[in-house]
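*Asks:* Sharing a structure here in C-alpha cells format.
Residue numbers (the numbering used here), protein chains in the order written: chain A, 41 to 288; chain B, 14 to 381.
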C-alpha cells in the first residue's frame, strides 16, 4: 500500500516529571482512514491527541500532521485539523445556527460559503425546526452529531475525536458513525479515541495503547486472528491485562 | 478581522442571553449608587433641633427661618427658657440647640458683633460635629447676606470654611468611590468568569485548536465588557447628577478617558485571575474577595487614607482605584484639567500596562 500519509510520528514521547504519558509511540495514519486509538483510562490517549493537535509540546520524538511539524508549525496544523473534545464543545447559550456561524467564522469561512454549508448541514442532520433553538435544549445525541459536523465544517484534512460518543445510546452512536463514514468517504482522515470495543470494530485500523506504549496496531480483523479472539473485547483484555496504570 | 468580529458577536450573545449577567452588570451600579447615595450617606438630614430665643427680633427670626428652610434641620420646638434645653436633650431625639441672647439684633447692628450659642448633643461626637458645622455655615451665610450693604463688616468669631463641599454633602465622596468600585468589580468579575467558563465547558480547547489567535480570544472577550462598562459609567453619571445633584464641573472627555484606563486595568486583573483558576466559582470568589475589600478600604471614600498608619498608606498606593478616585474627584468636583491630574493618570496607566503585560504573558505560557 502506498497511500498518502497524513500523520506520521516517530518515537513521540511526553513526560510529566517521572511520569511517561506517551512512551516512544511510532505510527502512520493514511489519508481518508478511520484510525482508532484505543486504551484504558490513563493509557496516554488524551496526551497523544493533545500533542498531535498542537496543544502540547512533546518531550522528544517527532511528528508531522498534514505535513506540518508539531514543534515549529502549529499554525499550519491548526488550519488543517478539526477537533472535538471529550467534553461537549459547543456553546449551549447560542442557537444551532449561531454556533455554526461562530465556528465557521473563526476558521475564516466566507459568508456565502458559510451560508451554503450551514443550510446543508442543518438539512443533513434534520435540524430544520431546531435551527434557531438554543443548543442547550437539544438532546445529547443531537448535540454530539452537531459538534462533529461543526468540527469538520471547514473541511479539515484530519479530524481528531476524543471519546466523542460518551454517554450516548447505541442507536445514536450508530448514527454518529454514519457521519464519520461520510466524512471518511470525502477524504477526511478520522482519528478517534474510544473505549467502546464495538466502535473499535468500525475502524479501518486500530492501535492499542497500554501504559503509554503502543501494544498493537492493525486492522480489527487481523488483531482478532492474531490473538485468536472472537471479539475486540477479548483482544483488549488480552493486551491490557498487564497494565499498571488505571486511573486518568 | 472577520474572525475577530465573529468572536465579539458571540461574546455579546453570551452577555445578553444570561439574565444573571445582565442583572449584575446593570443592577449593581444602580443599586450601589442608590445605596451609597441615600441609605449609607454620612450626611444628616431632618435632624431635630430646638431654638431658645430670648431676643425675638428681626435678626433672630431671619436666622431661624433660614435654619428651618435647610434640609438638614427641623426645628422641633421653640423654647422660652434656658433650663428647658437640657430636658429637651434628655428626650433623646433633639440633637442640637441654638440659643439667641436678648438684644441680638441690636448688638449685631450697633456693635457689629453678637453672641449666639450652639449646644450639641455630643454623645455622638461625629453627628454633633457635623450638625455644628451645618449650623455655623447657615449663620455665616446670614452674616454675609446682611453685611452686603454695610460699610463696617460685622465681626465673625468662628471661621468654618469648607472648600468644595460647603454643605458637607456625602454624595461628593460616594459617587466617585462607587464609580471606581462598580467599574473594578464588574470588569474583573465578568472577564475572569467568562474566560474560566470556556475552560470549564471545554470550549477553550476547541478555540486553542482553531487557527484563531489566542491573544485575540482575550481581546474579543474584553471588548463587550469594555463597552458595557462605559454604558454603566454613563448610567452612574446620569443618576448621580440628576438624582443626587452631583456636579460635573470638569471635562467629560477626561472623565471617560480616566475611566477607560481603569476599565483596562480591571480587565487585565480579570484576565490574571482567570489564568490562576479553573472554576467559575473560584474566579468569582477571588474577584469579589480580592477586589471588594481593598477597594472599599483603600480607595479613600469610606475611610480617609490620611488617618491610616504609614504602612497602610503605602499599601493603598498599589490600589488602582485610589488613583482613579483622586482623578474623578478632581475632575468632577473641582473641575480641574489634565494639568493637575497628569501624575495620577500616569500612575494609573502604568498599572494598566503592567497588569496587561503580565496577564498576556501568563496566558501565553499556558498554551505551550
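Cβ coordinates follow ideal geometry from the N, Cα and C atoms, glycine included.
(1) Using a C-beta cutoff of 8 angstroms, does residue 188/B count as contacting chain A?
(2) Return no unless some Cβ of chain B is closer than 8 angstroms to the Cβ of residue 197/A.
(3) Can you grab the Cα-Cα spacing for the pair residue 269/A / residue 210/A, in whole Å?
(4) Alpha carbons only, please: which of 59/B, 116/B and 87/B is nearest the one belonging to residue 72/B?
(5) I'd like to confirm the pairing. Which residues does DSSP put opposite residue 231/A in its beta bridges?
(6) Mind pulling the chain A residues with CB within less than 9 angstroms of residue 207/B?
(7) Given a cut-off of 8 angstroms on the beta-carbon distance, is the pair residue 71/A and residue 115/A in contact?
(8) Reducing DSSP to helix, strand and coil, say where residue 250/A ends up.
(9) Short of 7 angstroms in beta carbon distance, which residues of its chain neighbour residue 296/B, apart from the five on each side in sequence? Order them along the chain.
(10) Distance, Cα to Cα, residue 346/B vs residue 314/B?
(11) Would you say residue 25/B and residue 229/B are within 8 angstroms of each other, going by their C-beta atoms?
(12) Is it buried or exposed for residue 294/B, if we count other Cβ within 10 angstroms and need 16 for buried?
(13) Straight-line CA distance for residue 157/A to residue 129/A?
(14) Are the Cβ atoms of residue 133/A and residue 31/B separated by less than 8 angstroms?
(15) Quick one: residues in its chain with C-beta nearer than 8 angstroms to the C-beta of residue 139/A, no 5 flanking neighbours on either side, listed in chain order?
(16) In chain order, which continuous runs of the alpha helix (DSSP H) of length 4 or greater are located wholly inside the region 70-101 of chain B?
(17) Determine the chain A residues that contact residue 223/B at a beta-carbon separation under 7 angstroms, and present them in chain order.
(18) Count the other CB atoms within 10 Å of the CB of residue 172/B; is the residue buried (16 or more) or exposed (fewer)?
(19) Against residue 129/A, what residues of chain B qualify as contacts under a CB-to-CB distance less than 8 angstroms, listed in chain order?
(20) With a 10 Å radius around its C-beta and 16 neighbouring C-beta atoms as the bar for buried, classify residue 381/B as buried or exposed.
(21) So, with DSSP's three-state summary, where would you put residue 302/B?
(22) Starting from the Cα of residue 350/B, find the closest Cα among 38/B, 331/B and 265/B and give me that residue.
(23) So what's residue 238/A in DSSP terms, helix, strand or just coil?
(24) Would the beta-carbon of residue 18/B be found less than 7 angstroms away from any heavy atom of the ligand COA?
(25) Could you work out which residues of chain B lie near residue 133/A, taking near to mean beta carbons separated by less than 9 angstroms?
(26) Can you tell me whether residue 191/A is helix, strand or coil according to DSSP?
(27) Quick check for students: name the residue ranges of the alpha helix (DSSP H) that lie wholly in the region 283-337 of chain B, counting only runs of 4 or more.
(28) With DSSP collapsed to three states, give me the class of residue 147/B.
(29) Where does residue 168/B sit, in a helix, a strand or coil, going by DSSP?
(30) Please say whether residue 23/B and residue 188/A have beta carbons closer to each other than 8 angstroms?
(31) How about residue 203/B: is its C-beta nearer than 8 angstroms to some C-beta of chain A?
(32) Using a C-beta cutoff of 8 angstroms, does residue 19/B count as contacting chain A?
(33) Determine whether the beta carbon atoms of residue 197/B and residue 343/B lie at a separation below 8 angstroms.
(34) Find the residues of chain A that neighbour residue 16/B, judging by a C-beta separation of less than 9 angstroms, and give them in chain order.
(35) Could you tell me the boundaries of the alpha helix (DSSP H) in which residue 215/A lies?
*Replies:* By the coordinates alone:
(1) The beta carbon of residue 188/B sits no closer than 8 angstroms to any beta carbon of chain A.
(2) Closer than 8 angstroms: no.
(3) So the alpha carbons of these two residues sit roughly 23 angstroms apart.
(4) Ranking 59/B, 116/B and 87/B by Cα distance to residue 72/B puts 116/B first.
(5) Partner(s): 75/A and 200/A.
(6) Ordered by position in chain A, no residue passes the 9 angstroms Cβ test against residue 207/B, which lies about 12 angstroms from the chain.
(7) Note that the C-beta distance between residue 71/A and residue 115/A is not below 8 angstroms.
(8) Under the three-state reduction of DSSP output, residue 250/A falls in the strand class.
(9) 205, 206, 209, 286, 287 and 290, listed in sequence order.
(10) About 14 angstroms.
(11) By the CB criterion at 8 angstroms, residue 25/B and residue 229/B fall outside the cutoff.
(12) The residue in question, residue 294/B, is exposed, as its Cβ has fewer than 16 Cβ neighbours within 10 Å.
(13) Rounded to the nearest angstrom, the gap between the Cα atoms of residue 157/A and residue 129/A is 20 angstroms.
(14) In this structure, residue 133/A sits near residue 31/B, with a CB-CB distance shorter than 8 angstroms.
(15) For residue 139/A, where only same-chain residues beyond five positions count, the Cβ hits under 8 angstroms are 130, 131, 175, 186 and 190.
(16) Taking only runs of at least 4 residues, the alpha helix (DSSP H) segments lying wholly in the region 70-101 of chain B are 71-82.
(17) By Cβ distance, chain A contributes 118, 146 and 147.
(18) In this predicted model, residue 172/B has a pLDDT of only 42, less than 50, meaning its place in the structure is not dependable enough to derive any value.
(19) Residues of chain B passing the Cβ test: 214, 215, 216, 218 and 219.
(20) Its pLDDT being 42, under 50, residue 381/B is placed unreliably in this model, and the value from its coordinates should be taken loosely. With fewer than 16 other Cβ atoms within 10 Å, it is exposed.
(21) Here residue 302/B sits in helix by DSSP.
(22) Answer by Cα proximity: 265/B.
(23) Helix.
(24) Because no ligand of any kind appears in the structure shown, any question about the ligand COA cannot be addressed here.
(25) Within chain B, the residues near residue 133/A are 26, 27, 30 and 31.
(26) Here residue 191/A sits in helix by DSSP.
(27) Listed in chain order, the complete alpha helix (DSSP H) runs (minimum 4 residues) inside the region 283-337 of chain B are 293-311 and 323-330.
(28) Helix at residue 147/B.
(29) At residue 168/B, the pLDDT of 49 sits below 50, so the modelled position is not reliable; the number obtained from the coordinates is stated separately. Residue 168/B: coil per DSSP, three-state reduction.
(30) Against a cut-off of 8 angstroms, the Cβ pair of residue 23/B and residue 188/A comes out as no contact.
(31) So no, residue 203/B is outside the interface.
(32) Closer than 8 angstroms: yes.
(33) Not closer than 8 angstroms, so no.
(34) By Cβ distance, chain A contributes 145, 146, 147 and 148.
(35) Per DSSP, the continuous alpha helix (DSSP H) segment holding residue 215/A begins and ends at 210-225.
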